[in-house]
Every structure is written in structure tokens, then in C-alpha cells.
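Worksheet: one structure, shown below.
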Amino acid sequence: MAKVSINLFKKIPESYRKQIEDNSGYEPVDDEDERLRKVLFESSKERIMVEKWAPGIEIEVDIPANGAEFTVVQGSYGTWSNEVYEQGTINKYDNEDTLTLMAGRKSGCIVYIREGIKSKL
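Right, here's the structure in full:
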């Protein structure tokens with residue numbers, strides 16, 4: 004894994020940072036080898052995970068009713084409306100939705116995802 008901005012990475016708890024850097028434990032999402040996920044924490048109100056997206060893949064991501072926050076740890080992702088989110092970007096999605104996203108063509112993307120952000124308010 005490439006070095007990540009210290010300020011961004013400090014916002015992620017240290018125990019999760021170590022798990023993100025450890026390449027073991029990632030599982031394919033929907034039998035897609037180009038989209039891998041590792042669940043870092045799960046409770047009845049919140050789920051924290053990291054996903055690795057291969058360069059250039061297009062994926063659908065379901066945002067739960069209680070919202071989600073995406074932190075781009077490495078690489079980038081974008082949308083069909085030409086919005087690009089690069090390393091260090093944090094996006095909050097408050098409403099239940101299905102998003103169509105594309106990983107960066109050259110870099111792919113590693114994204115730290117917190118579901119259940121509305122329950123934190």
C-alpha cells in the first residue's frame with residue numbers, strides 16, 4: 004500500500020489502519036474479484052469496512068437508510084456526472100440510494116466505509 008496522507012489516516016482509528024494495510028482477510032463482493040471487502044467492525048447500528056476496487060471497474064454501491072461515509076484512502080473514484088473523488092476526500096451520503104461509481108482508471112481505489120452515520124447524530 005502506498006503512503007497515505009498522515010492527517011487523513013489519523014482520522015481512521017489505529018487498529019483499523021493496521022487492518023487496512025494488511026492484505027489478508029479481503030473477500031470478493033458479489034463474486035467479483037475486482038471488488039474486495041474486509042469488514043472491520045459490525046454492530047446492530049453500524050458497520051465499518053474497507054473496499055478495494057480494481058482500476059476502471061464500475062460498481063453499484065447500496066447506501067443504507069441510516070447513511071454512509073466514504074473516505075478515499077488511496078486512488079480515486081468517480082461518477083457518471085464527472086465528479087471525481089481523490090485520495091483524502093470524505094463523502095457523506097445521508098439518504099438510502101444505489102450509487103453507480105467507477106474506480107480510477109489507473110489507480111483503482113481503496114475506500115474506508117462507515118455505514119450507520121445517522122445513528123451517531
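Residue numbers (my numbering): 4 to 124. We put the beta carbon where it would ideally sit given N, CA and C, even for glycine.
Report all residues from its chain with a CB closer than 8 Å to the CB of residue i; omit the five preceding and five following residues, and keep chain order.
i: Ser110; result: Pro58, Gln77, Gly78 and Ser79
Is it buried or exposed for residue i, if we count other Cβ within 10 angstroms and need 16 for buried?
i: Val114; result: buried
i: Ala106; result: buried
Here's a check: name, in chain order, each residue in its chain whose Cβ is nearer than 7 Å to the Cβ of residue i, leaving out the five neighbours to either side.
i: Val75; result: Tyr88, Glu89, Gln90, Gly91, Thr92, Cys112 and Val114
i: Gln22; result: Lys41 and Leu43
i: Arg108; result: Pro58 and Gly59
Answer yes or no: do residue i and residue j have a C-beta to C-beta separation smaller than 8 Å?
i: Ile116; j: Met52; result: yes
i: Tyr96; j: Gly70; result: yes
Identify whether residue i lies in helix, strand or coil by the three-state DSSP scheme.
i: Ile60; result: coil
i: Gln90; result: coil
i: Met4; result: Its pLDDT being 34, under 50, Met4 is placed unreliably in this model, and the value from its coordinates should be taken loosely. Three-state DSSP puts Met4 in coil, outside helix and strand.
i: Lys1; result: Here the chain comprises residues numbered 4 to 124, so residue 1 is not present and cannot be evaluated.
i: Ser47; result: coil
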